[in-house]
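**Student:** Sharing a structure here in C-alpha cells format.
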Amino acid sequence: MRRFAVIGLGRFGQKLAVALAMSGAEVIAIDKDRELVELLRDQVTHAVRLDSTDEEALKAQDIADVDVAIVGIGQGTGQGFESGVLTVVNLRQMGVKQIYARAESLIAGEVFSKIGATEVIYPEIESAQRWAYRLITPQIEDKIDIAPGYSLARIEAPPTFDGKTVMDLQLRQKYNVNLVLVKRGERRKGKKTDKEPIINIPTGDTVIYQDDILMVAGSDADLANLPQE
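Following my numbering, the numbering of the sequence shown begins with 11 at its first residue and continues without gaps.
Here is the structure:
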C-alpha cells in the first residue's frame with residue numbers, strides 16, 4: 011500500500027486526502043489548524059496537527075518514509091507561500107523522493123521546481139483551462155491528457171457520422187485524429203449486426219452510428235475541430 015502525506019488541508023488538500031484514502035491508500039493529513047485536522051480525523055489513516063516548517067516535527071511522524079508528499083498549503087498570503095517553500099525544502103532534505111507542490115501562479119511554481127519539488131500542481135489554472143476547453147468543444151464529453159497538448163477524448167458520434175464506415179469518415183485524413191475504440195450506443199445494443207458492444211480494433215469497414223461513443227486521440231487543437239453535428 012502506498013503512503014501519502016498531504017500537507018495543508020484547505021479545500022484542495024481536504025479533497026485530495028479524502029480521495030486518496032477512499033482509493034485505499036494510507037494517508038497522513040497534516041495542518042497547523044486543529045479544526046481542519048479534526049475534520050479529517052475519521053476520513054484518513056492519520057490526521058495530525060503540526061507545523062510543517064519544523065523538520066523535526068515531520069520526522070517525528072515518519073514523513074520521511076512516505077512514498078509521496080503533497081504540499082497543498084494555501085498561498086493567499088506571503089506567509090503561506092513561505093511555509094510551502096520551507097516545507098518542500100524540509101521534505102527534500104529528509105529524502106522524500108516524490109514531492110508535489112501546489113502553486114497558485116507560474117512564478118510560484120518555478121520557485122517550487124527550483125527548490126526540489128518533483129512536480130508542480132496548478133489546480134486553479136488547470137481547472138480554468140479544462141473549463142475553457144469544455145465550453146469551446148461541447149462535442150468532447152471527456153478527455154485524458156497523455157502529453158502536453160495531446161489527449162485521448164471521448165465523443166458521441168454526431169448525426170453526420172451515422173451509417174458511415176471508418177474509411178468513409180477519414181478521421182485521420184480530415185481531422186488528423188486516430189480512432190482508438192468504438193462503444194456501441196444504446197440504440198445499437200442487442201442488434202444482430204453487432205457481435206460486440208465494444209470494438210477495440212476498428213477497421214476501415216467498421217460502421218459508425220449516431221449515438222456510438224468514440225475514443226479518439228490527437229492534439230487538443232485537432233480534437234477541437236471534430237464536428238458537433
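Glycine included, each C-beta is placed from N, C-alpha and C at the ideal position.
Count the CB pairs spanning the segment 108-120 and the segment 140-159 that are closer than 8 Å, and state whether there are at least three.
**Tutor:** With a cut-off of 8 Å, the segment 140-159 and the segment 108-120 do not count as touching, because too few Cβ pairs lie within range.
**Student:** For Gln-238 and Ile-156, I'd like the C-alpha separation in whole angstroms.
**Tutor:** In a straight line, the C-alpha of Gln-238 is about 23 Å away from that of Ile-156.
**Student:** Using three-state DSSP, classify Asn-100 as helix, strand or coil.
**Tutor:** Asn-100 falls in the helix class under three-state DSSP.
**Student:** Quick check: the segment 205-215 against the segment 126-146, are there 3 or more CB pairs under 8 Å?
**Tutor:** No, because fewer than three Cβ pairs between the segment 205-215 and the segment 126-146 fall closer than 8 Å, the two stretches do not touch.
**Student:** If contacts are defined as beta-carbon pairs under 8 Å, then Val-76 and Val-106 qualify, I think. What distance do you get, rounded to the angstrom?
**Tutor:** Val-76 to Val-106, Cβ: 6 Å. Contact.
**Student:** Return helix, strand or coil for Leu-191, following the three-state DSSP convention.
**Tutor:** Here Leu-191 sits in strand by DSSP.
**Student:** Please state whether the Cβ-Cβ distance between Tyr-160 and Leu-236 is less than 8 Å.
**Tutor:** Cβ distance not < 8 Å, so Tyr-160 and Leu-236 don't count as in contact.
**Student:** Would you kindly report the start and end of the unbroken beta strand (DSSP E) that includes Lys-153?
**Tutor:** Start and end: 150-157.
**Student:** From Gly-126 to Leu-181, what distance separates their C-alpha atoms?
**Tutor:** Their Cα atoms are separated by approximately 43 Å.
**Student:** Take Thr-128 and list the residues in its own chain whose beta-carbon comes closer than 7 Å to its own, dropping the five residues that flank it on each side.
**Tutor:** Same-chain partners within the cutoff: Gln-108, Ile-109, Tyr-110.
**Student:** If we ignore side chains and look at the alpha-carbon of each, how far apart do Ala-70 and Thr-63 end up?
**Tutor:** When rounded, the distance between both Cα atoms is 13 Å.
**Student:** Got a sec, what are the start and stop residues for the alpha helix (DSSP H) Arg-59 sits in?
**Tutor:** Counting along the chain, Arg-59 falls outside any alpha helix (DSSP H), though it belongs to the beta strand (DSSP E) covering 56-59.
**Student:** So Gly-82 and Val-16 are in contact, right, with Cβ under 8 Å, and what is the actual spacing, rounded?
**Tutor:** Indeed, because the Cβ distance is near 6 Å, the residues count as touching under 8 Å.
**Student:** DSSP beta-bridge partners for Leu-224?
**Tutor:** Its beta-bridge partners are Ile-165, Val-192.
**Student:** Once you ignore the five residues that flank Lys-153 on each side, which residues in its own chain have a CB closer than 6 Å to its CB?
**Tutor:** Correct list, in chain order: Ser-161, Ala-163.
**Student:** By the DSSP assignment, the alpha helix (DSSP H) with Glu-134 in it spans what residues?
**Tutor:** Where Glu-134 is concerned, the enclosing alpha helix (DSSP H) stretches over 133-146.
**Student:** Does the distance from the CB of Ala-31 to the CB of Val-47 come in under 8 Å?
**Tutor:** Not closer than 8 Å, so no.
**Student:** Could you give the DSSP three-state label for Asp-232: helix, strand or coil?
**Tutor:** In the structure shown, Asp-232 sits in a helix (DSSP, three-state: H, G or I).
**Student:** Val-28 lies in the beta strand (DSSP E); which residues open and close that run?
**Tutor:** Unbroken run through Val-28 is the alpha helix (DSSP H), 21-32; no beta strand (DSSP E).
**Student:** Helix or strand or just coil, what does DSSP make of Gln-89?
**Tutor:** Looking at Gln-89 - three-state DSSP - the assignment turns out to be helix.
**Student:** So, helix, strand or coil for Arg-182, using DSSP?
**Tutor:** DSSP places Arg-182 in helix when its eight states are reduced to three.
**Student:** So Glu-36 and Phe-14 are supposed to be a Cβ contact under 8 Å. How far apart are they, rounded?
**Tutor:** Rounded, the Cβ-Cβ distance is 7 Å, consistent with contact.
**Student:** Assign Thr-175 to one of three DSSP states: helix, strand, or coil.
**Tutor:** Of the three classes helix, strand and coil, the one that applies to Thr-175 here is strand, per DSSP.
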